[in-house]
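Everything on this sheet refers to the single structure shown next.
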Amino acid sequence: MKTKNNYILEGSIIKALLMISLPIIFANVLQTVYQLIDTFWVGRLGTEAVAAVSLSFPILFFLSSIAMGLTMAGSILVAQYNGKGNKEYVSLATGQTLSLVGIIAILISTVGYFSSNFLLSLMTNDSIVLIQATSYLQISFLGMLATFLYFIFQSSLRGIGEVKFPMYIILFTVILNFFLDPLFMFGYKFIPAMGVAGVAIATVITQTISATIGIIVLMRGTFNIKLKIRDLKLRLAWIKKIIRLGLPSSLEHSSRTFGMVIMTFLISTFGTLAVASYGIGTRILSFIIIPAIGLAISTSTLVGNNLGAGNYERVKKITKIGGYIGFLSLTIIGIILFIFAKQISAFFVPGELELISMSTLFIRIMSLTFGLIGVQMVIIGAIKAAGRTTLAMLIAISQLIALFGFGIILSKLFNLGELGIWIAYPLSNVISFIVALFFYLKGEHLKNKVEHN
22 MKTKNNYILE
32 GSIIKALLMI
42 SLPIIFANVL
52 QTVYQLIDTF
62 WVGRLGTEAV
72 AAVSLSFPIL
82 FFLSSIAMGL
92 TMAGSILVAQ
102 YNGKGNKEYV
112 SLATGQTLSL
122 VGIIAILIST
132 VGYFSSNFLL
142 SLMTNDSIVL
152 IQATSYLQIS
162 FLGMLATFLY
172 FIFQSSLRGI
182 GEVKFPMYII
192 LFTVILNFFL
202 DPLFMFGYKF
212 IPAMGVAGVA
222 IATVITQTIS
232 ATIGIIVLMR
242 GTFNIKLKIR
252 DLKLRLAWIK
262 KIIRLGLPSS
272 LEHSSRTFGM
282 VIMTFLISTF
292 GTLAVASYGI
302 GTRILSFIII
312 PAIGLAISTS
322 TLVGNNLGAG
332 NYERVKKITK
342 IGGYIGFLSL
352 TIIGIILFIF
362 AKQISAFFVP
372 GELELISMST
382 LFIRIMSLTF
392 GLIGVQMVII
402 GAIKAAGRTT
412 LAMLIAISQL
422 IALFGFGIIL
432 SKLFNLGELG
442 IWIAYPLSNV
452 ISFIVALFFY
462 LKGEHLKNKV
472 EHN
């Protein structure tokens, strides 16, 4: 029987990849624009404010990665059960993931709120930066539950191939955030000026709105996932399945964000200017690799659904074509970024000549291996969809080890300072690409490992 998502299981693979990836890419562009808007406004408060947000950013990502991994497990299950045609299990997988991740979010938020000052004090001795970073981080933790709930809504819809509606929600929140940021940062009438803390408050408001819309949509069954109250009651067998798939994925996400935390610790030894440069560079990096993320998610959606339907030959073709597209698109983006790195840096911190110079160098060095990132992420997306989340974790860990190892050796032993850390990024990309390619060439790792009983 034909369905509106029939293109997932048959027809042009390139068309299917583009139909899913383009809305995801646009949604992720909007999400990153959301973050860049924060960076843009914070940049008006000075280098200390930029450094404060830069210190908080990897901590939030690191703690969020636990839930993100479990959310990925839910998406894998949703995709494969959707391909198999089991609508009851599609809704049940969503509900079980929602409850489990919600509980974890509450625990993380509580611990994170009360340990914010301690964590940040390990990363900086600058009292001004520490005060601003602590207020930003604590307020951000208050909105973490809403953030996690929206993650589940978004990933569940992507699992069935519905990618446009989450994009519309993000567009709305980006527009709203653009006005809320300066409102709470600089104040207006009865609203006091709150500086960096105001940015966090604006974020919590928009996150809460997004999560509320997502839950309502799931409960109403608007997009072929009708969440029922009974689906939210935790079931041991499902929790085990989600954890089995999600724990390695959580560790994978954790290793990537943990790498950011470690590198932030390392870069902080070279001063506030280096920390601010690192923050600008990593924010831009998160924006530039969006096409690869979109391709990875679309590859995962297509592979998961086709594995559920038993279309194994199509799975291989999806991964191969996705890899070619990823390499080409990221290479082109890397070239553009290399050329315009200085102008991009100046946009965020106008007038800060030293910061612009250092950020420009970091961005240009990172851009050298973007094509390899594109291939690597597509392979990881396919491997995850097959339930081989442990292999995806190993690829991420290989990158973390290479990044930290090269960073220490080049910055400390070879006395290159922050330049050594910049160089460590492309070197670590080469290592993780080789590991990902090895797993892909073994072939059997794209076979289905999710049980449907």
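Per our numbering, residue 22 is the first one in the sequence shown, and the count goes up by one each step. Glycine included, C-beta positions come from ideal geometry on N, C-alpha and C. Being a predicted model, the structure only gives us computed values, none of them experimental.
| Check | Outcome |
| --- | --- |
| Might you give, ordered along the chain, the residues of its own chain that have their beta carbon closer than 7 Å to the beta carbon of Phe-435, omitting 5 neighbours on each side? | Gly-441 |
| Are there 16 or more other CB atoms within 10 angstroms of the CB of Gln-364, so buried, or fewer, so exposed? | exposed |
| Measure the CB-CB distance between Gly-344 and Val-296 and report whether it falls below 9 Å. | no |
| Note down, one range per segment and in chain order, each beta strand (DSSP E) of at least 3 residues found wholly within the stretch 427-470. | none |
| Locate the alpha helix (DSSP H) running through Asp-59, then write down its first and last residues. | 34-64 |
| Can Tyr-299 and Thr-285 be called in contact, C-beta distance under 9 Å? | yes |
| In the DSSP output, what is Tyr-209 paired with across the bridge? | Ile-212 |
| Taking the alpha-carbon positions, what's the Leu-248 to Ile-260 distance? | 17 Å |
| Should Ser-231 and Leu-38 be called a contact, given that it needs their Cβ atoms to be closer than 9 Å? | no |
| Expressed to the nearest angstrom, what Euclidean distance is found between the alpha-carbon atoms of Val-456 and Ile-212? | 52 Å |
| Hey, how far is the Cα of Leu-119 from the Cα of Phe-172? | 9 Å |
| What distance in whole Å lies between the Cβ atoms of Tyr-55 and Met-8, which are believed to be in contact at a cut-off of 8 Å? | Residue coverage of the chain in this structure runs from 22 to 474, which leaves residue 8 outside it and unanswerable. |
| Are Thr-322 and Arg-179 close, meaning C-beta to C-beta below 9 Å? | yes |
| Can you tell me the Cα-Cα spacing of Asn-332 and Ile-339, whole angstroms? | 11 Å |
| Alpha carbon to alpha carbon, how far is Leu-424 from Leu-448? Give it in angstroms, no decimals. | 7 Å |
| If you follow the alpha helix (DSSP H) that Ser-319 is in, where does it begin and where does it stop? | 311-330 |
| Put Thr-92 into one of helix, strand or coil per three-state DSSP. | helix |
| Quick check: Ser-77 and Tyr-157, are their CB atoms within less than 9 Å of each other? | yes |
| Leu-316: which of Met-398, Gly-90, Ile-263, Met-165 sits nearest, CA to CA? | Met-398 |
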